[in-house]
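Asker: These protein sequence lines map, in sequence, to chains H and R.
In the working numbering, each residue carries its 1-based index in the first sequence increased by 41.
In the working numbering, each residue carries its 1-based index in the second sequence increased by 528.
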Amino acid sequence: MTAAGLIFSNIHDECLPELTRLRTMASVPFGGRYRLIDFPLSNMVNSGISKVGIITHYNYQSLLDHIGTGKDWDLARRSGGIKILPPFITAYDAKATNSLYTTRLEALLGVTNFISRCTEDVIVLSDCDTICNIDLTKVLDRHEETGADITVVTKRVSGGNYNAERHSVLMLDENDKIIDAAEYSSDIKGAFNVSTNIMVITRRYLITVLNDAAAHGYTSFFRDIIAKNVGKADFRAYRFDGYYSLINNLPGYFETSMKLLDSEVREELFETADRPVFTKVRNSAPTSYSASAKVSGSIIADGCVIEGEVENCVIFRGVKIGKGTVVRNSILLQDTYVGQNVNLNCVITDKNTVIRDGRNLSGHESMPFYIGKGVMV
Amino acid sequence: MFKKKECVAMLLAGGQGSRLYALTTRLAKPAVSFGGKYRIIDFTLSNCVNSGIDTVGVLTQYQPLLLNDYIGNGLPWDLDRTYGGVKILPPYQGKEKADWYKGTANAIYQNLQFIDQYDPDYVLILSGDHIYKMDYAAMLAFHKRRGADCTIACIDVPLEEASRFGIMSAYEDGKIWKFSEKPKNPDSTRASMGIYIFNKKKLAEYLIADEADENSSNDFGKNIIPAMLAAGEKLYAYSFQGYWKDVGTISSLWEANMDMIGENPVLNLNDEKWRIYARHFARAPQYVGVGGVVDNSSITEGCKIYGTVRGSVLGPGVTVSAGASVIDSVIMEDVTIGEGASVEYSIIDARVQIGKDAKVGGPKGGEIAVIGADIKVEDGAVIEPGAMVNPE
Chain H
42 MTAAGLIFSN IHDECLPELT RLRTMASVPF GGRYRLIDFP LSNMVNSGIS KVGIITHYNY
102 QSLLDHIGTG KDWDLARRSG GIKILPPFIT AYDAKATNSL YTTRLEALLG VTNFISRCTE
162 DVIVLSDCDT ICNIDLTKVL DRHEETGADI TVVTKRVSGG NYNAERHSVL MLDENDKIID
222 AAEYSSDIKG AFNVSTNIMV ITRRYLITVL NDAAAHGYTS FFRDIIAKNV GKADFRAYRF
282 DGYYSLINNL PGYFETSMKL LDSEVREELF ETADRPVFTK VRNSAPTSYS ASAKVSGSII
342 ADGCVIEGEV ENCVIFRGVK IGKGTVVRNS ILLQDTYVGQ NVNLNCVITD KNTVIRDGRN
402 LSGHESMPFY IGKGVMV
Chain R
529 MFKKKECVAM LLAGGQGSRL YALTTRLAKP AVSFGGKYRI IDFTLSNCVN SGIDTVGVLT
589 QYQPLLLNDY IGNGLPWDLD RTYGGVKILP PYQGKEKADW YKGTANAIYQ NLQFIDQYDP
649 DYVLILSGDH IYKMDYAAML AFHKRRGADC TIACIDVPLE EASRFGIMSA YEDGKIWKFS
709 EKPKNPDSTR ASMGIYIFNK KKLAEYLIAD EADENSSNDF GKNIIPAMLA AGEKLYAYSF
769 QGYWKDVGTI SSLWEANMDM IGENPVLNLN DEKWRIYARH FARAPQYVGV GGVVDNSSIT
829 EGCKIYGTVR GSVLGPGVTV SAGASVIDSV IMEDVTIGEG ASVEYSIIDA RVQIGKDAKV
889 GGPKGGEIAV IGADIKVEDG AVIEPGAMVN PE
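Okay, here's the thing in structure tokens:
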């Protein structure tokens, strides 16, 4: 069975307004040297998918810069490879000013051309706010075995934490067939299965439902396609039991980032054999630690100069930390410059932030203090 | 058809580097790891690209497998071009005869056809065994300004080391009046860096004449340069200021690695304007565990540090277990250092596994211990300072 991929780069941007003000969800930096899209993209590449469409909406300069020709994912191909799919608006369209899609279904309707010109049997959909390292070949095999129309990758979670909200909840029968679908509500108690929004759809079925949706003016993929057809069409679940996180909001971003300091999580995400996470190569020099450096329990990317103390942090490429400075429980995005004798705790600094000598800044893990891109403090 | 190129670079990468012993058992010297994430040849290739030279022939001979694989299509250095780019040039079977590369000059002679494809005005000859950042475009501008037939890049060396180099004497404007290859009693400290720019026509002329001479050792320093000088051609010395190191010996390789660390290091690779490119593999960022101690060191992607690392340079994917210590050492990729082991004043090649409580090397000032690639050091084993553990 052959598969092509489709990645939604902007879905749920509104959940993370701070980090997506100037970029897409797909290009939100994560884990020291990655952008969120590296996870779905690497999952697809590592599963033998070599044609991937990336649906963009707005703010996608940073994404274009990150993806380039796609060669860092081995997707600079004559046949297939990466296709950026910007919004389709014609100059004479009367609705041009407001015809940008607002939902997943409208986004899919905007790329029907891409979908219908694919020759692959199935399309794999994925969002950029989900972090996991999954072997999609297993999902594809299951999809082929069962002959399902849609196979949704599900994860079992329990209510009441950041990983539960904003999910669609799926009821499964003993054969993992989806028998009911509902949006999450806090009334749901105990453990339940949620959709990771990673799903395999038989391409012919997708074209049929998209035509139907266009004819009827449907707008919601979940409500008008999944929920409406449960029981009629063959929707299955693939239960994923590996590490999975949905980035829900800024504290969620903070918590998910800090989870990387757990060796088990890190090893599963980054060191699974034959499933590396690819990202744009920046050719930074190795990180230099001076004699005054003191580092503990932290992830540090290349190209940094560390002269101060770093504890329990995620430090991105090209960060400089001066002497006498103490950084704890913080995430410093690429090229952050921290001067001397600074104290930081529970702070997220965006790209190119400058923290001048002697500053003391602190947030709390439930409310990390965010400093915007290029801001000087 | 090929487009004309003003200048084509020819990179001599066939050397064995026999004085690197265990480190060059299975690979050529230009492919030896350096500075954590680099290989020695990255410096020359990056200099070419940063100087606007986009056509580079890499002449390989000794153990080329890893080098061929590493260079590949030249993508990491932006040398995957439709016209030009990087090309691997091994010795080949000709219609009349087949030869190994007999010397530096013969290697270029055998590839005159390759050079002619691009119809260049100038040919830049480089060697892939030095660590330096140099703008060849500035040297080419000097060559053109002086109207030279050949320009030799040179650097001042201490007098006591001068007998290891080609030594030249020149007038104020750089015109060379004397050149001697590895003189016993050097009378100048101006040493050749093994970097030459030739006018293409002159180069071809002298290479063909040199090939016809059966007594010649077909070497640039020994034959071509003296012959040109004797014939009254215009040879100029181009003085290079900056960091340059021949890493042909174990101790110089260790020293050059150490030049990367400390505050304001003499070899600064964190340079946005002159990046050194290398082939990358997808690895996670480095992780320093709780209880890990890292100071005065250079560490790169994929490393996991639970023990102590001091005054050292670590390659990608190195694990230093809890209670282990790495002091004043160069550790290459994917080395594992077991719990309680200590490594001091050593060079450890790729994928070596050092067992628990093993002890490798001794304090700085003694002799450097070297462990060749893929070797497994048993738990509790002791490798003496100055030891050379060879993989074969």
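For every residue, glycine included, the Cβ atom is placed at its ideal position computed from N, Cα and C.
Distance, Cα to Cα, R:G622 vs R:W628?
Answerer: 11 Å
Asker: By the three-class DSSP mapping on this structure, what secondary structure does R:C576 have?
Answerer: helix
Asker: Are the C-beta atoms of R:G828 and some chain H residue less than 9 Å apart?
Answerer: A small correction: the amino acid at residue 828 of chain R is Thr; Gly does not occupy that position in the sequence shown. Interface residue, yes.
Asker: With respect to the alpha helix (DSSP H) encompassing H:M85, which residues constitute its N-terminal and C-terminal limits?
Answerer: D79 to N87
Asker: If you measure from the beta carbon of H:Y330 to each beta carbon in chain R, is any gap under 9 Å?
Answerer: yes
Asker: Along the chain, where does the alpha helix (DSSP H) containing H:E427 start, and where does it finish?
Answerer: Residue 427 of chain H is absent from the structure shown; chain H starts at 42 and stops at 418.
Asker: What are the boundary residues of the alpha helix (DSSP H) that R:W772 is part of?
Answerer: Judged by DSSP secondary structure, R:W772 falls outside any alpha helix (DSSP H) and instead within the beta strand (DSSP E) spanning W772 to D774.
Asker: Taking 8 Å as the threshold, find out whether the stretch 102–122 of chain H comes into contact with the stretch 312–324 of chain H through three or more Cβ pairs.
Answerer: yes
Asker: Going by DSSP, which residues form a beta bridge with R:Q641?
Answerer: In DSSP, R:Q641 forms no bridge with anything.
Asker: Less than 6 Å between C-beta atoms, sequence neighbours within five positions excluded: which residues of the same chain meet that for H:G73?
Answerer: Closer than 6 Å at the Cβ level, and outside the excluded window around H:G73, lie I340, A342, V355 and F357.
Asker: Since H:V346 meets chain R, which of its residues come closer than 8 Å, beta carbon to beta carbon?
Answerer: N798
Asker: Report yes or no: is there a C-beta of chain H within less than 9 Å of the C-beta of R:M860?
Answerer: For R:M860, the closest Cβ of chain H is not nearer than 9 Å.
Asker: So, using beta-carbon positions, are R:M916 and R:V898 closer together than 9 Å?
Answerer: yes
Asker: How would you list, in chain order, the residues of chain R whose beta-carbon sits under 9 Å from the beta-carbon of H:V337?
Answerer: In the sequence as presented, Val is not what sits at residue 337 of chain H; that position holds Ser. Result: V816, G817, V818, G819, G820 and V821.
Asker: Let me check one thing: in DSSP terms, what residues is R:M916 bridge-paired to?
Answerer: R:V898
Asker: R:I568 versus chain H: which residues are under 8 Å apart at the beta carbon?
Answerer: Near R:I568 there are no residues of chain H at all, since even the closest Cβ is about 16 Å away, more than 8 Å.
Asker: Buried or exposed for H:L251, please, with buried defined as at least 16 other CB atoms from any protein chain shown within 10 angstroms of its CB.
Answerer: So H:L251 counts as buried.
Asker: Rounded to a whole number of angstroms, what is the C-alpha to C-alpha distance between H:A44 and R:F809?
Answerer: 25 Å
Asker: Output the distance between the C-alpha atoms of R:D902 and R:D862, rounded to the nearest integer angstrom.
Answerer: 10 Å
Asker: Note the first and the last residue of the continuous alpha helix (DSSP H) segment covering R:D738.
Answerer: Where R:D738 is concerned, the enclosing alpha helix (DSSP H) starts and stops at K728 to A740.
Asker: Shorter than 9 Å from the beta carbon of H:E406 to some beta carbon of chain R?
Answerer: For H:E406, the answer is no, since every Cβ of chain R falls outside 9 Å of its Cβ.
Asker: Run the CB neighbour count on H:R158, radius 10 Å, all protein chains shown included, and call it buried at 16 or more, exposed below.
Answerer: exposed
Asker: Using three-state DSSP, classify H:A44 as helix, strand or coil.
Answerer: strand
Asker: With a 10 Å radius around its C-beta and 16 neighbouring C-beta atoms as the bar for buried, classify H:K273 as buried or exposed.
Answerer: exposed
Asker: Using DSSP with H/G/I as helix, E/B as strand and the rest coil, what is H:D113?
Answerer: DSSP places H:D113 in helix when its eight states are reduced to three.
Asker: Within its chain, find whatever has a CB closer than 7 Å to the CB of R:D608; leave out the 5 residues flanking it on each side and keep chain order.
Answerer: Cβ neighbours of R:D608 within its own chain (closer than 7 Å, five residues either side excluded): N601 and G602.
Asker: Would you call the stretch 372–381 of chain H in contact with the stretch 389–401 of chain H, where contact means no fewer than 3 C-beta pairs closer than 8 Å?
Answerer: yes
Asker: Could you tell me if R:Y699 is buried or exposed, where buried requires 16 or more neighbouring beta carbons within 10 angstroms of its beta carbon?
Answerer: exposed
Asker: Looking only at C-alpha atoms, which of R:G914, R:K531, R:V846 and R:L573 sits nearest to R:Q881?
Answerer: R:V846
Asker: Could you name the residues of chain R that H:P70 contacts, counting a contact when the two beta carbons are closer than 8 Å?
Answerer: Result: empty, since nearest Cβ-Cβ is about 12 Å, beyond 8 Å.
Asker: Let me know if R:P558 comes out buried or exposed under the rule of 16 or more other beta-carbons within 10 Å of its beta-carbon.
Answerer: buried
Asker: Measure from the C-beta of H:L310 to each C-beta in chain R and report whether the shortest distance is under 9 Å.
Answerer: Output row for H:L310: interface = yes.
Asker: One question on the structure: do H:E352 and H:I362 come within less than 9 Å of each other, judged by their Cβ atoms?
Answerer: no
Asker: Is the beta carbon of R:Q544 closer than 9 Å to that of R:Y590?
Answerer: In contact: R:Y590 and R:Q544 (Cβ atoms closer than 9 Å).
Asker: With DSSP run on the structure shown, which of helix, strand or coil describes R:C535?
Answerer: strand
Asker: Taking R:A878 as the reference, which of R:M786, R:D701, R:V560 and R:V871 has the closest Cα?
Answerer: R:V560
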